[in-house]
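Worksheet for the structure shown next.
Chains as they are written, first to last, in my numbering: chain V, 127 to 272; chain Z, 127 to 272; chain R, 127 to 272.
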């Protein structure tokens with residue numbers, strides 16, 4: 127079979143600084159649009175203070191993630207490491223913690239495409255994780271296959 | 127060359143709550159079965175309290191991972207965050223910590239396939255990381271290429 | 127269109143134990159060399175004490191990563207966990223912390239290829255993260271597409 131590729135961007139602007147959005151239906155729509163039946167589907171944040179990851183669509187768990195990530199990489203607008211700040215914030219940003227949180231949660235997922243569907247286990251759902259919201263940001267979907 | 131795809135599931139049931147299993151030979155067998163010589167091989171956990179990752183097959187390191195992850199995301203069956211619990215456990219589960227540990231270790235790996243082999247550095251081995259065992263769970267292998 | 131694949135290794139020897147190197151221009155050169163216009167580009171560390179990740183090319187942020195990772199997985203040459211050491215170091219190594227740091231930052235990235243370019247958001251850059259330098263180590267680039 128000849129190879130096909132498909133590309134689509136999703137746009138987000140979350141009013142809150144941090145949010146987890148279930149984007150599975152949007153990725154499923156893109157896959158249907160692509161006509162690809164067998165292959166791989168890459169979904170990645172195009173911004174470096176956001177994540178795309180796969181886990182459970184359960185609000186308690188999302189609150190646990192939020193609290194846990196805040197413990198691992200606490201927000202600070204400061205730029206003095208001796209006082210809990212981040213050197214990155216010397217650039218005028220206040221989002222250094224978001225660059226750290228995103229590394230824990232990851233930039234991208236690669237999902238198998240089988241018989242025209244996302245080939246998922248029973249609870250897998252794709253999330254956009256926003257760690258520095260309030261501005262327009264993008265997710266890229268790229269599908270290759272046949 | 128025309129594109130080919132191959133799909134296989136691996137099943138696991140680890141008696142212990144947590145375990146690291148070297149699945150490299152199983153992935154190599156799947157690759158041989160596929161007949162694919164050049165391409166990409168996705169290996170992902172199909173469950174959201176388990177990981178697939180690449181690192182060293184050394185038992186001391188695995189014990190270090192176990193202790194380190196327990197420090198980053200301690201097990202608790204409780205559901206009160208003020209007492210070390212997790213809101214997710216209000217659903218009746220006791221595995222919230224496993225959802226966190228899996229984010230640190232990752233859901234999936236993508237491995238290059240070159241000349242019919244997994245294209246690995248000297249010590250790379252693929253592991254299934256179980257963080258909530260005692261039930262049947264799956265790993266998906268999807269290979270695309272020619 | 128018929129499928130094409132391309133493979134290239136990058137070699138590094140960082141004098142310091144830890145370093146972040148921007149390898150985006152090298153990956154762009156490999157992509158141009160491949161002639162591939164649409165597809166996926168895998169870039170992965172071939173060694174298990176190093177990472178490939180995507181984030182910002184900003185020296186303050188890199189210093190923040192360095193300090194943060196040292197807090198999450200502190201260096202120790204010791205092998206007694208009760209004194210901050212790692213069991214892995216009983217093998218004669220002193221790099222157990224590097225195996226942990228690499229899991230946080232990740233082994234690999236998969237980047238979409240569109241119209242012959244790495245399909246990136248505004249600030250995305252690819253880095254090689256070295257956590258146990260002073261020896262020759264490799265990164266693999268594998269591109270598939272058409």
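Built from N, CA and C at the ideal position, the CB exists for glycine as well. Nothing here was measured: the structure is a model prediction, and the numbers come from that model.
Item, Value
"Let me check understanding here. Comparing Cα to Cα, which of 142(V), 131(V), 153(V) and 198(V) lies closest to residue 252(V)?", "153(V)"
"For residue 188(R) and residue 245(Z), what's the separation of their Cα atoms in angstroms?", "29 Å"
"According to DSSP, is residue 241(Z) helix, strand or coil?", "coil"
"For residue 185(Z), which residues does DSSP report across the bridge?", "Note: residue 185(Z) sits in no beta bridge, so no partner."
"Residues of the stretch 190-208 of chain Z in Cβ contact with chain R at a cutoff of 8 Å, in chain order, please.", "190, 191, 193, 194 and 198"
"Whose C-alpha, out of 258(Z), 147(Z), 158(Z) and 166(Z), is nearest the C-alpha of residue 129(R)?", "166(Z)"
"For residue 254(V), which of helix, strand or coil comes out of DSSP?", "strand"
"Please list, in chain order, all residues of the same chain as residue 224(V) whose beta carbon is under 6 Å from its beta carbon, the five residues on each side excluded.", "175, 257 and 258"
"Pick helix, strand or coil for residue 197(Z), following the three-state DSSP scheme.", "helix"
"Relative to the C-alpha of residue 265(Z), which residue among 232(Z), 169(Z), 209(Z) and 141(Z) is closest?", "169(Z)"
"Check distances from the C-beta atoms of the stretch 138-156 of chain R to those of chain Z and list, in chain order, the residues that come in under 8 Å.", "none"
"If the criterion is Cβ atoms closer than 8 Å, does the pair residue 131(R) and residue 268(R) meet it?", "yes"
"Nearest by alpha-carbon distance to residue 221(R): which of 260(R), 186(R) and 238(R) is it?", "260(R)"
"Give the interface partners of residue 247(Z) over in chain V, defined as CB-CB distance under 9 Å, in chain order.", "What residue 247(Z) touches in chain V: nothing, since even the nearest Cβ is about 20 Å away."
"Looking at the strands, I want to know which residues DSSP matches up with residue 131(R).", "270(R)"
"Assign residue 250(R) to one of two classes, buried (16 or more other C-beta atoms within 10 Å of its C-beta) or exposed (fewer than that).", "buried"
"Does the beta-carbon of residue 262(R) have 16 or more other beta-carbons within 10 angstroms, so that it is buried, or is it exposed?", "exposed"
"Residue 215(Z) and residue 199(Z) - do their beta-carbons sit closer together than 8 Å?", "no"
"Below 8 Å on C-beta distance, what does residue 172(V) contact in chain R?", "246, 247, 248 and 250"
"So what does residue 142(Z) bridge to, in DSSP terms?", "Answer is none; residue 142(Z) lacks a bridge partner."
"Going by C-alpha distance, which of 194(R), 207(R), 237(R) and 201(R) is nearest residue 210(V)?", "194(R)"
"Give me the residue from 196(R), 158(R), 192(R) and 136(R) with the minimum Cα distance to residue 242(R).", "158(R)"
"Answer with yes or no whether the minimum CB distance from residue 256(R) to chain Z is below 8 Å.", "no"
"Pop quiz: residue 177(V) and residue 255(V) are said to be a contact at Cβ under 8 Å. What is the actual Cβ separation, rounded to whole angstroms?", "4 Å"
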